[in-house]
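Sequences listed follow chains F, R, C and E, in order. Per my numbering, residue 135 is the first one in the first sequence, and the count goes up by one each step. Per my numbering, residue 135 is the first one in the second sequence, and the count goes up by one each step. Per my numbering, residue 135 is the first one in the third sequence, and the count goes up by one each step. Per my numbering, residue 135 is the first one in the fourth sequence, and the count goes up by one each step.
4 protein chains.
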Amino acid sequence: MAPRTEQQFEEIRESKKALILDKALELFATEGYYPTSISKIAEKAGISKGLIYNYFESKEDIIITIIHKGLDDLFRIFDPNKDGVLTKDEIRFFIEQMFDIMRKDLHFWKLYFMIFMQPPVLKLVEKKFMELIQASLNMLTNHFMSEGYDDPQTEAILLGALLDGTGFHYVMNPENFPVERIKERIIKMYC
Amino acid sequence: MAPRTEQQFEEIRESKKALILDKALELFATEGYYPTSISKIAEKAGISKGLIYNYFESKEDIIITIIHKGLDDLFRIFDPNKDGVLTKDEIRFFIEQMFDIMRKDLHFWKLYFMIFMQPPVLKLVEKKFMELIQASLNMLTNHFMSEGYDDPQTEAILLGALLDGTGFHYVMNPENFPVERIKERIIKMYC
Amino acid sequence: MAPRTEQQFEEIRESKKALILDKALELFATEGYYPTSISKIAEKAGISKGLIYNYFESKEDIIITIIHKGLDDLFRIFDPNKDGVLTKDEIRFFIEQMFDIMRKDLHFWKLYFMIFMQPPVLKLVEKKFMELIQASLNMLTNHFMSEGYDDPQTEAILLGALLDGTGFHYVMNPENFPVERIKERIIKMYC
Amino acid sequence: MAPRTEQQFEEIRESKKALILDKALELFATEGYYPTSISKIAEKAGISKGLIYNYFESKEDIIITIIHKGLDDLFRIFDPNKDGVLTKDEIRFFIEQMFDIMRKDLHFWKLYFMIFMQPPVLKLVEKKFMELIQASLNMLTNHFMSEGYDDPQTEAILLGALLDGTGFHYVMNPENFPVERIKERIIKMYC
DNA sequence: TATGAATGAGACTTCATTCAT
DNA sequence: TATGAATGAAGTCTCATTCAT
Numbered sequence: 135m136a137p138r139t140e141q142q143f144e145e146i147r148e149s150k151k152a153l154i155l156d157k158a159l160e161l162f163a164t165e166g167y168y169p170t171s172i173s174k175i176a177e178k179a180g181i182s183k184g185l186i187y188n189y190f191e192s193k194e195d196i197i198i199t200i201i202h203k204g205l206d207d208l209f210r211i212f213d214p215n216k217d218g219v220l221t222k223d224e225i226r227f228f229i230e231q232m233f234d235i236m237r238k239d240l241h242f243w244k245l246y247f248m249i250f251m252q253p254p255v256l257k258l259v260e261k262k263f264m265e266l267i268q269a270s271l272n273m274l275t276n277h278f279m280s281e282g283y284d285d286p287q288t289e290a291i292l293l294g295a296l297l298d299g300t301g302f303h304y305v306m307n308p309e310n311f312p313v314e315r316i317k318e319r320i321i322k323m324y325c
Numbered sequence: 135m136a137p138r139t140e141q142q143f144e145e146i147r148e149s150k151k152a153l154i155l156d157k158a159l160e161l162f163a164t165e166g167y168y169p170t171s172i173s174k175i176a177e178k179a180g181i182s183k184g185l186i187y188n189y190f191e192s193k194e195d196i197i198i199t200i201i202h203k204g205l206d207d208l209f210r211i212f213d214p215n216k217d218g219v220l221t222k223d224e225i226r227f228f229i230e231q232m233f234d235i236m237r238k239d240l241h242f243w244k245l246y247f248m249i250f251m252q253p254p255v256l257k258l259v260e261k262k263f264m265e266l267i268q269a270s271l272n273m274l275t276n277h278f279m280s281e282g283y284d285d286p287q288t289e290a291i292l293l294g295a296l297l298d299g300t301g302f303h304y305v306m307n308p309e310n311f312p313v314e315r316i317k318e319r320i321i322k323m324y325c
Numbered sequence: 135m136a137p138r139t140e141q142q143f144e145e146i147r148e149s150k151k152a153l154i155l156d157k158a159l160e161l162f163a164t165e166g167y168y169p170t171s172i173s174k175i176a177e178k179a180g181i182s183k184g185l186i187y188n189y190f191e192s193k194e195d196i197i198i199t200i201i202h203k204g205l206d207d208l209f210r211i212f213d214p215n216k217d218g219v220l221t222k223d224e225i226r227f228f229i230e231q232m233f234d235i236m237r238k239d240l241h242f243w244k245l246y247f248m249i250f251m252q253p254p255v256l257k258l259v260e261k262k263f264m265e266l267i268q269a270s271l272n273m274l275t276n277h278f279m280s281e282g283y284d285d286p287q288t289e290a291i292l293l294g295a296l297l298d299g300t301g302f303h304y305v306m307n308p309e310n311f312p313v314e315r316i317k318e319r320i321i322k323m324y325c
Numbered sequence: 135m136a137p138r139t140e141q142q143f144e145e146i147r148e149s150k151k152a153l154i155l156d157k158a159l160e161l162f163a164t165e166g167y168y169p170t171s172i173s174k175i176a177e178k179a180g181i182s183k184g185l186i187y188n189y190f191e192s193k194e195d196i197i198i199t200i201i202h203k204g205l206d207d208l209f210r211i212f213d214p215n216k217d218g219v220l221t222k223d224e225i226r227f228f229i230e231q232m233f234d235i236m237r238k239d240l241h242f243w244k245l246y247f248m249i250f251m252q253p254p255v256l257k258l259v260e261k262k263f264m265e266l267i268q269a270s271l272n273m274l275t276n277h278f279m280s281e282g283y284d285d286p287q288t289e290a291i292l293l294g295a296l297l298d299g300t301g302f303h304y305v306m307n308p309e310n311f312p313v314e315r316i317k318e319r320i321i322k323m324y325c
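Set out below in structure tokens:
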């Protein structure tokens with residue numbers, strides 16, 4: 135019989151890779167990175183342990199891939215038109231959307247906060263992470279500067295911390311978090 | 135030499151136990167819980183691996199002890215006169231002191247944030263944790279209610295998130311955090 | 135296009151088989167038998183892993199084939215007219231040629247010496263190997279007997295060891311081996 | 135109960151380490167390096183797999199230790215008074231003794247020849263190996279020079295190859311090797 | 001109290017081989 | 001004939017915990 139075409143292989147590869155990443159993300163987020171073994175990921179994905187190494191070099195490679203992909207997505211959301219400038223509307227939009235975005239991808243967001251507090255995991259993605267955070271802070275600072283704030287940098291750090299703090303609490307316990315009222319309260323503060 | 139008295143033994147026990155907890159906290163905070171082996175703790179404490187099991191039942195027991203002790207301390211700080219009521223002055227005092235407190239015990243505070251994001255670790259101390267958080271939120275809510283806020287609960291959650299968020303960023307990178315300006319900014323908001 | 139004839143298929147088969155054997159030999163000789171994976175052989179031969187199993191039953195089958203083929207070639211060199219009798223001229227010829235022969239096929243000769251020292255590999259080809267060695271020793275013994283040596287068998291064993299020893303050193307480090315002078319020296323001893 | 139003294143621990147360590155090295159050498163020599171698993175070594179030594187890692191860093195560490203120790207012993211035998219100079223008597227003595235020495239330590243000598251032909255294993259000990267070989271060749275060359283040979287270097291290489299070749303055959307099949315007659319024959323050549 | 005040798009379960013990873021296409 | 005995804009056994013190694021002294 136004729137062998138599969140290149141494209142067929144590519145499709146298999148892509149879908150299987152996505153499956154592994156998906157199950158790994160779920161397990162990392164619910165059980166933690168270290169307690170999640172390659173075996174568990176394989177089991178959850180319904181494949182053999184060995185196959186995972188056909189797609190990823192190591193367990194580290196899996197989490198790095200997940201985080202890099204997630205951070206790219208995140209950055210796209212934070213500055214949709216990619217101009218490096220935040221308008222008041224973009225901030226309002228971001229605050230209004232962020233909890234929805236988080237809810238849709240709860241696992242990633244758990245992982246997002248998890249990363250900070252796992253020294254060896256943080257080290258794996260530190261560079262990309264710090265770049266992203268710095269870029270966000272700079273954009274917020276510039277925004278507050280153009281809005282005429284007294285101390286735009288402090289304000290940017292404060293807003294950053296507030297968003298992280300609320301995001302964190304939301305992700306930890308989404309059912310009992312008063313999303314709408316928190317949204318309004320933050321928007322009232324800044325817009 | 136006279137044999138040691140019962141009390142002397144007890145003192146040795148206590149100081150050794152404290153030593154182990156201290157070194158374990160340091161390692162957990164800097165390297166993470168899972169990557170820190172019992173051997174490393176023993177080495178850092180200058181004792182043998184086996185001895186650790188003379189004082190603690192397991193690795194889990196160590197981290198549980200550390201966290202419980204830390205949470206008790208934390209609670210004492212948050213409500214110094216233990217009356218369950220927060221005055222405006224207590225809040226101002228807390229905000230003014232919290233970064234100093236954190237700086238003095240940076241390792242614990244790293245661990246504090248770490249706990250949330252390590253599901254198996256969180257599970258170990260979940261009950262005590264949730265009680266503390268709920269108690270704090272209730273006190274803040276009551277405070278804002280007595281201050282005549284429209285939506286005291288949302289305000290309490292927001293302040294909680296803000297304190298967590300700023301605390302988190304401070305602990306992550308204390309050198310570059312504008313402590314004084316952030317303090318003032320928060321106090322201006324709430325006092 | 136006209137369909138390939140049976141014979142054309144056969145030719146493709148043979149040339150592909152030879153390609154696999156060639157690349158496998160190279161890798162076995164330079165990297166060792168165990169560290170060489172089927173994947174590496176396939177990659178080096180520019181074919182897929184699976185195809186190798188179309189031509190060979192197993193990794194063992196590959197090395198057995200290589201060694202058997204090599205031993206057949208070797209035997210042809212050692213006794214060109216296949217009469218089972220070695221003349222003084224044939225010995226001189228063999229000594230004069232052996233280093234050239236080795237240089238042309240360095241990989242096989244590395245493998246030749248490697249075989250002895252890899253018990254599981256040796257076991258695979260032991261029978262053929264021992265037959266060859268015994269036959270060679272017998273021919274040498276007969277030769278020395280006809281030359282009137284006191285102890286022809288010892289002399290045969292000694293020459294065998296000398297040829298193995300010099301061959302071994304040559305193969306290990308062909309650049310720094312004084313081939314010509316060694317040749318002359320051995321010929322002076324025996325011819 | 136009082137813990138073991140430092141010396142008691144030292145004794146345990148030394149004897150257990152020797153046991154592991156002994157069993158590992160035996161298996162490496164009879165089964166080969168790669169086919170010998172840590173499990174097999176542990177089983178043969180009657181201990182647990184994990185314990186081996188209490189004494190050695192890795193499987194590589196084990197073979198390196200064995201080979202380095204063996205080479206040190208070998209060098210002591212080859213130049214007993216360690217003066218870097220070989221007399222005719224020392225050579226005669228070496229030739230007379232070498233097969234006895236080999237018989238007593240057959241496993242090591244199999245390993246000795248094995249090393250050359252396992253590229254990754256050779257790499258582990260290459261430096262020490264090459265130094266030893268060069269030193270031996272230099273001593274032999276100096277010897278033949280002082281004996282007035284025409285081409286002392288070639289003679290040294292030839293004797294080296296002869297000793298390796300006979301040693302190799304002896305180790306491969308000690309029962310059927312005419313040790314005494316080979317000894318005499320070599321001594322007749324050189325002394 | 002104190003030591004560190006010893007265990008054993010389980011982690012990550014590799015790779016010869018099979019198989020659907 | 002040809003491909004490479006998929007398997008599963010086995011290998012190396014780690015580490016919390018136990019135990020004899």
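We treat Cβ as the ideally placed atom computed from N, Cα and C, and that holds for glycine.
Residue range of the unbroken alpha helix (DSSP H) whose run includes residue i
| i | result |
| --- | --- |
| residue 326 of chain E | Outside the displayed range of chain E (135 to 325) lies residue 326 of chain E, so it cannot be described from this structure. |
| residue 315 of chain F | 313-324 |
| residue 294 of chain R | 286-306 |
| residue 176 of chain E | 172-179 |
| residue 145 of chain F | 140-165 |
| residue 191 of chain R | Neither: residue 191 of chain R is in no alpha helix (DSSP H) and is coded neither H nor E. |
| residue 234 of chain E | 222-238 |
C-alpha gap between residue i and residue j, whole angstroms
| i | j | result |
| --- | --- | --- |
| residue 135 of chain R | residue 143 of chain R | Residue confidence is low: residue 135 of chain R scores 46 on pLDDT, short of 50, so the model does not pin down where it sits. No coordinate-derived value is stated. |
| residue 271 of chain R | residue 288 of chain R | 10 Å |
| residue 207 of chain C | residue 321 of chain C | 23 Å |
| residue 284 of chain R | residue 169 of chain F | 44 Å |
| residue 212 of chain F | residue 293 of chain F | 14 Å |
| residue 184 of chain F | residue 192 of chain F | 11 Å |
| residue 171 of chain C | residue 200 of chain C | 16 Å |
| residue 167 of chain R | residue 198 of chain F | 20 Å |
| residue 125 of chain R | residue 150 of chain F | Nothing can be reported for residue 125 of chain R: it is not among the residues displayed for chain R, which extend from 135 to 325. |
| residue 147 of chain R | residue 139 of chain R | 13 Å |
| residue 265 of chain C | residue 304 of chain E | 18 Å |
| residue 298 of chain F | residue 234 of chain F | 15 Å |
Below-8 Å beta-carbon distance, residue i vs any chain E residue
| i | result |
| --- | --- |
| residue 308 of chain C | no |
| residue 303 of chain C | yes |
| residue 247 of chain C | yes |
is_contact[residue i, chain R] using C-beta, thresh 8 Å
| i | result |
| --- | --- |
| residue 136 of chain F | no |
| residue 315 of chain F | yes |
| residue 199 of chain F | no |
Residue i at chain F interface by Cβ criterion, 8 Å
| i | result |
| --- | --- |
| residue 212 of chain R | no |
| residue 209 of chain R | no |
Interface flag, residue i vs chain C, CB-CB below 8 Å
| i | result |
| --- | --- |
| residue 263 of chain E | no |
**Request:** Count the C-beta pairs between the stretch 169-183 of chain C and the stretch 218-238 of chain C that are closer than 8 Å, then say yes if the count reaches three, no if not.
**Result:** Remark: fewer than three beta-carbon pairs, one from each stretch, lie closer than 8 Å, so the stretch 169-183 of chain C and the stretch 218-238 of chain C are not flagged as touching.
**Sufficient close CB pairs (3 or more, under 8 Å) joining the stretch 247-256 of chain F to the stretch 273-293 of chain R** = The stretch 247-256 of chain F vs the stretch 273-293 of chain R: no contact.
**Request:** Decide if the stretch 232-242 of chain R is in contact with the stretch 151-163 of chain R; the criterion is three or more beta carbon pairs, one per stretch, under 8 Å apart.
**Result:** yes
**Request:** Scan the stretch 142-166 of chain C for residues whose Cβ lies nearer than 9 Å to a Cβ of chain E and list them as they occur along the chain.
**Result:** 163, 164, 165, 166
**Request:** Taking 8 Å as the threshold, find out whether the stretch 306-313 of chain R comes into contact with the stretch 304-324 of chain F through three or more Cβ pairs.
**Result:** no
**Message:** Under 8 Å, CB to CB, which of the residues in the stretch 265-298 of chain E have a partner in chain C?
**Reply:** Those would be 285, 287, 288, 289, 291, 292, 294, 295, 296, 297, 298, in chain order.
**Message:** Tell me which residues of the stretch 221-247 of chain R have at least one Cβ-Cβ distance to chain F shorter than 9 Å, keeping chain order.
**Reply:** Closer than 9 Å at the C-beta level to chain F, one finds these residues of the stretch 221-247 of chain R: 244, 245, 247.
**Prompt:** Relative to chain F, which residues along the stretch 168-196 of chain R have a C-beta separation below 7 Å, given in chain order?
**Reply:** Those residues of the stretch 168-196 of chain R that come within reach of chain F (Cβ to Cβ, closer than 7 Å) are 168, 169.
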